[in-house]
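J.:
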Amino acid sequence: MSFRPLPARASASLLREAKPLKALFGEAKRLDRLQQLVDGQLQPAAREFCRVASWREGTLLLIVTDSHWATRLRYQQRRLQRQLLCLEEFSGLSRIQFKVQPPETPRHKPRPPPALSARAADNIQETARGIKDPKLRAALERLASHARPDRDA
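Under our numbering, think of the first position of the sequence shown as 103, with each following residue one higher.
Written out as structure tokens, the structure is:
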């Protein structure tokens, strides 16, 4: 018995019909709408550093990517809360919580391998000639082949 994959379906129909996806898509749209409303109340410079994370039980959680902006927003918290309370979507707002979460930076940045000089390649090649193990000899010869051409010669 072989596995037959299900026929491909349009993403729009999946979002309309699949309950978990429909709920997830609905929550994403809701958060996007809340983000637009919050952006309308923030200073233009602060908008890129502040994201709506959740809105539950009267608490609005904002993720701020920069500690400087988190401090500034905490000073403006009461004003922001008063402005948001005027909007229907935030009618039950009792608290705004800020969390600092810096953007992820890549842990390891690949660097180009160090250049192998012609002199070093000659030394490796000479060492490879004295090796009896064919796999090790082949590996050393491959390594020696990566030499950069000498600019002095």
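The C-beta atom is built at its ideal place from N, Cα and C for all residues, glycine as well.
Kindly confirm or deny that the stretch 225-236 and the stretch 194-201 touch, where touching means at least three C-beta pairs closer than 8 Å.
T.: Not touching, per the Cβ criterion.
J.: Does Ser196 come out as helix, strand or coil in the three-state DSSP assignment?
T.: It is coil, neither helix nor strand.
J.: How far does the alpha helix (DSSP H) with Leu172 in it extend, from its first residue to its last?
T.: Note that residue 172 is Ala in the sequence shown, not Leu. That run of the alpha helix (DSSP H) goes Ser169 to Tyr177.
J.: Could you confirm whether any beta carbon from chain B is found closer than 8 Å to the beta carbon of Pro208?
T.: No chain B appears in this structure, which consists of one protein chain only.
J.: For the alpha helix (DSSP H) containing Ile226, name the first residue and the last one.
T.: Where Ile226 is concerned, the enclosing alpha helix (DSSP H) stretches over Ala220 to Arg231.
J.: Taking His248 as the reference, give the member of Glu190, Thr167, Pro215 and Lys124 with the closest Cα.
T.: Comparing Cα-Cα distances from His248 to each of Glu190, Thr167, Pro215 and Lys124, the minimum goes to Pro215.
J.: Got a sec? Which residues, its chain only, sit under 7 Å from Ser156 by beta carbon, not counting five neighbours each side?
T.: These residues qualify, in order along the chain: Leu163.
J.: According to DSSP, is Ser247 part of a helix, a strand, or is it coil?
T.: Three-state result, Ser247: coil.
J.: My assumption, with CB atoms under 8 Å, is that Thr167 sits in contact with Pro205. Please give the rounded CB distance.
T.: Right, their Cβ atoms sit about 5 Å apart.
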